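Engineer: Sending over a structure as structure tokens; questions will come in a sec.
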């Protein structure tokens with residue numbers, strides 16, 4: 063998870079029936095407990111989440127999409143008005159399934175307002191997954207919000223998903239714009255060839271890198287080994303931190319790496335600073351009986 067902000071990000075638990083305030087000063091209440099990566103607002107009664115999973119086993123993460131997002135200038139009557147930074151709290155806190163989120167999307171208006179003391183209104187698109195293997199992407203590029211399937215199961219920052227998939231096929235010399243069995247076969251062949259994967263900070267290169275890793279690698283023998291593989295892949299595309307650029311608003315670097323186990327509701331978290339791996343489990347007792355938000359140590 064990459065950001066230019068220097069605010070420390072840490073694992074955060076939000077309980078059921080958690081009362082929070084959107085950046086538009088509207089009060090909302092969660093129905094489902096959430097565990098993810100977040101930070102506390104200094105001027106709002108809310109936590110901002112960058113990724114997370116709720117107690118029913120659906121996940122959501124936000125990534126940058128500059129240049130093409132289309133937010134409403136003002137709240138609209140009769141709509142669920144949210145700022146982009148409010149979206150994950152709404153999606154995971156108020157829905158048990160991806161189908162419920164998709165059904166509610168036409169009622170949502172994303173409004174061009176800053177979250178707390180943030181300097182900007184961040185341009186986001188979102189990737190969502192569930193235990194059934196479904197992965198969706200939501201991109202607010204104009205008109206009512208809709209969710210599109212993500213057959214690659216991968217997303218990075220800009221551009222839009224369709225362009226990412228086209229770039230992947232172009233790189234693998236596969237005709238067409240769709241992610242198909244030919245794309246998977248080409249990814250396996252490319253990885254087996256020993257050719258170098260694309261590197262560097264450009265999101266299109268990171269998308270291709272991760273898609274080939276995901277689809278070209280052998281299946282791990284167990285969940286723990288798979289976690290080891292994925293953390294290694296994420297490290298390959300992490301953006302370095304430069305202390306000399308700490309105060310620069312355009313210094314985008316990797317604050318943390320995380321893996322969400324949807325089946326076991328485990329949030330695996332490695333911060334940039336200490337590289338210490340934390341395993342946080344959202345147990346049924348935790349979801350049912352904890353009544354207050356909790357921010358875990360970042361390190």
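Numbering (my numbering), first residue to last: 63 to 361.
Each residue gets a CB set at the ideal place from its N, CA and C atoms; glycine is no exception.
On a predicted model such as this, the values are computed, not experimentally measured, just so you know.
1. Note down, one range per segment and in chain order, each alpha helix (DSSP H) of at least 4 residues found wholly within the region 179-236.
2. Could you give the distance in angstroms between the alpha-carbon of residue 234 and the alpha-carbon of residue 288?
3. Out of 278, 272, 346 and 149, which one is the CA nearest neighbour of residue 293?
4. Pick helix, strand or coil for residue 287, following the three-state DSSP scheme.
5. If we ignore side chains and look at the alpha-carbon of each, how far apart do residue 351 and residue 129 end up?
6. Quick check: the region 114-121 against the region 170-181, are at least 3 beta-carbon pairs closer than 8 Å?
7. Touch check for the region 157-170 and the region 75-88: three-plus C-beta pairs under 8 Å?
8. As an exercise, report each continuous alpha helix (DSSP H) stretch of at least 4 residues that is fully enclosed by the region 266-341, in chain order.
9. Which term fits residue 92, buried or exposed, when burial requires 16 or more other beta carbons within 10 angstroms of its beta carbon?
10. Using 8 Å as the threshold, is the C-beta distance between residue 188 and residue 123 below it?
11. Please tell me whether residue 65 and residue 337 are closer than 8 Å, where the distance is taken between their beta carbons.
12. For residue 276, I'd like the list of residues in its chain whose CB is within less than 7 Å of its CB, leaving aside the five on either flank, ordered along the chain.
13. Contact between the region 143-160 and the region 221-232: three or more CB pairs below 8 Å?
14. Drop a sphere of 10 angstroms on the beta-carbon of residue 193, count the other beta-carbons inside from all chains shown, and report buried for 16 or more, exposed for fewer.
15. Given this structure, state the Cα-to-Cα distance separating residue 281 from residue 69, to the nearest angstrom.
16. Can you have a look at residue 201 and say buried or exposed, based on whether 16 or more other CB atoms are within 10 angstroms of its CB?
17. Should the region 167-176 be regarded as contacting the region 131-147, the criterion being three or more beta carbon pairs within less than 8 Å?
18. Measuring CB to CB, does residue 151 end up less than 8 Å from residue 190?
19. Give the straight-line distance between the Cα atoms of residue 108 and residue 96, rounded to the nearest whole angstrom.
20. Which one of 154, 185, 239 and 138 has the shortest CA to CA distance from residue 170?
21. Compute the Euclidean distance between the alpha carbons of residue 80 and residue 140, then round it to the nearest angstrom.
22. Let me make sure I understand the geometry here. Which of 283, 127 and 73 has the alpha-carbon closest to that of residue 183?
23. Just verifying my parser: in three-state terms, what is the DSSP assignment at residue 148?
24. Hey, would you say residue 340 sits closer than 8 Å to residue 358, going by beta carbons?
25. Specify, as a first and last residue, the run of the alpha helix (DSSP H) that residue 347 falls within.
Structural biologist: On the basis of the coordinates in this document:
1. 223-233
2. 24 Å
3. 272
4. helix
5. 43 Å
6. no
7. no
8. 285-298
9. buried
10. yes
11. no
12. 215 and 216
13. no
14. exposed
15. 37 Å
16. buried
17. yes
18. no
19. 13 Å
20. 138
21. 23 Å
22. 127
23. helix
24. yes
25. 346-351
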